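Using my numbering, read the sequence shown as starting at 208 and increasing by one per residue.
Where a beta carbon is used, it is the ideal one built from N, C-alpha and C, also for glycine.
In this text, all values refer to a predicted model and were calculated from it rather than measured experimentally.
Step one of this worksheet: look at the structure below.
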Amino acid sequence: MALGVAAASASLFSFASAAGAQTNFTASPLTAPALPDAGASLLRVTGALVLVIGIFLGGVWLFKNYQRLALQHGRPARLRVLETRSLGGRHAIFVVGYEQERFLISSSPGGVNLLSHLPAASESETTAGAGSVAPPSFARALAQVLKGK
């Protein structure tokens with residue numbers, strides 16, 4: 208039994224050395240691999256750069272506008288700027304509404320000042336004021352123009 212194992216291992220060893228010897232003698236000379244096409248490589252690198260910059264700018268936009276996006280999906284804002292008038296330069300007057308209260312506020316380079324507490328707005332005034340800000344639909348505007356002729 209031991210003789211059979213020794214003979215099998217010797218024949219396996221001689222086969223492995225013969226196979227190794229064959230590959231060494233039949234190897235072809237070394238050649239330089241072909242270089243990749245420069246145009247395709249440049250296009251791939253440019254595309255990757257555009258993708259990375261796009262992801263970066265999208266992340267910056269999302270970071271800056273996250274709060275505004277979150278408010279649109281939640282309940283409506285209770286604090287609203289109802290009306291604005293510019294007084295020239297960097298001076299302006301604002302009518303600001305919070306729930307049913309209204310305030311007259313001035314803005315200047317020196318700061319923001321409360322000018323007056325306006326009377327509380329009724330429910331009909333707040334809905335009418337919000338509705339008048341939106342432009343009329345095209346069909347209504349066309350109907351008004353045709354009635355005027």
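- Taking every protein chain shown into account, the CB of ARG285 has fewer than 16 other CB atoms within 10 angstroms, so this residue is exposed.
- No Cβ-Cβ contact shorter than 7 Å links ARG309 with ILE300.
- Using a Cβ distance threshold of 7 Å, HIS298 and SER323 do not count as a contacting pair.
- Per DSSP, LEU242 is not a residue of any alpha helix (DSSP H), being assigned neither H nor E.
- Every beta strand (DSSP E) of 3 residues or more that sits fully in the segment 269-330 is shown, in chain order, as 286-295, 298-305, 308-315, 318-325.
- Annotation: VAL267 to LEU249 spans about 27 Å, alpha carbon to alpha carbon.
- Secondary structure of SER248 (DSSP, three-state): helix.
- Taking 8 Å as the upper bound for CB-CB distance, GLY304 and LEU321 are not in contact here, some 14 Å apart.
- Under the three-state reduction of DSSP output, LEU237 falls in the coil class, being neither helix nor strand.
- Distance from the CA atom of LYS354 to the CA atom of LEU264, rounded to whole angstroms, is 50 Å.
- About 5 Å separates the beta carbon of GLN307 from that of ALA327, a gap short enough to meet the 8 Å contact definition.
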